[in-house]
Amino acid sequence: MPDTNSDSKIMRHALNTQILDRIAVTISVLFNPFLLPLASILLIVRTSVATTQQGLLWMVIVILFASVLPMLFILLLFRLGQLSDFRLTVREQRAKPLIFSLVSALVGIGILYFLNVPREIVWLCIACVINGLVLTLITQVWKISFHSGVAAGCMTGLVTLISSQFVYLFILLPFIAWARVHRKRHTYLQTIIAAPIAVASTAVVLQLAL
């Protein structure tokens, strides 16, 4: 006779694995390192804007140079066969899109500075770029987690520039680390090390600037 108990256990295990996979994917998408700085900067813009029209202009600039252009460049590289996927899972393929993203962000920062945008916004952008540069240099030799590093850097920026109450966001870091490890994108060490590096680089930049 078929072992119904064994079959039931296998089905439950498969279902649990599927649920965990979906949770890990959802967390990874929500804390995408290309989108999280954008959300953080837009939050700062919202608290600093004088008029709606002014705020919309700043947001368009941030979205264009911090998100749209880098994503279009990634799409171009993928179409040219220089990337295996959109998630930059292959460490050796990360350099070009990451460097382009940093250069694009610097151009956007220059435009914001020219428009006399509040220094908090400009320096948060600069802190994000420096954090990204540090992580990019490390990933050339070791696949450090951008998800953990960028999240920690953004959280540090929000705590420094808006309110200390944002410190509670750091509770989310273990879940981000778990998601990246569960999806076999990183080891726990690669996710753990990224956080203090990002916190330190972001905090130093903002403290020196402000």
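Numbering (numbering that gives the first Met the number 0), first residue to last: 0 to 209.
The beta-carbon is built from N, C-alpha and C at its ideal position, and this holds for glycine as well.
Bear in mind the structure is a predicted one, so any value in this text is a computation, not a measurement.
- Ile62 is positioned such that its CB atom lies no closer than 8 angstroms to that of Leu35.
- Taken atom to atom, the span from the alpha-carbon of Tyr187 to that of Pro173 is near 10 angstroms.
- Its Cα nearest to that of Ile60, the residue Val44 stands out among Val44, Arg179, Leu134 and Thr155.
- Within the same chain, Ile108, Val204 and Ala208 come within 8 angstroms of Ile125 by CB-CB distance, once the 5 residues on both sides are set aside.
- In this structure, Ala178 places its C-beta atom within 8 angstroms of the C-beta atom of Ser27.
- A direct Cα-Cα distance of roughly 23 angstroms separates Gly131 from His181.
- In this structure, DSSP gives Asp20 a helical state, which the three-state scheme calls helix.
- With contacts defined by Cβ atoms closer than 8 angstroms, Pro32 and Val198 do not form a contacting pair.
- Shown here for Ile137: same chain residues with a beta carbon closer than 6 angstroms to its own, the five before and five after excluded, namely Ile143 in chain order.
- Thr190 is positioned such that its CB atom lies closer than 8 angstroms to that of Ala176.
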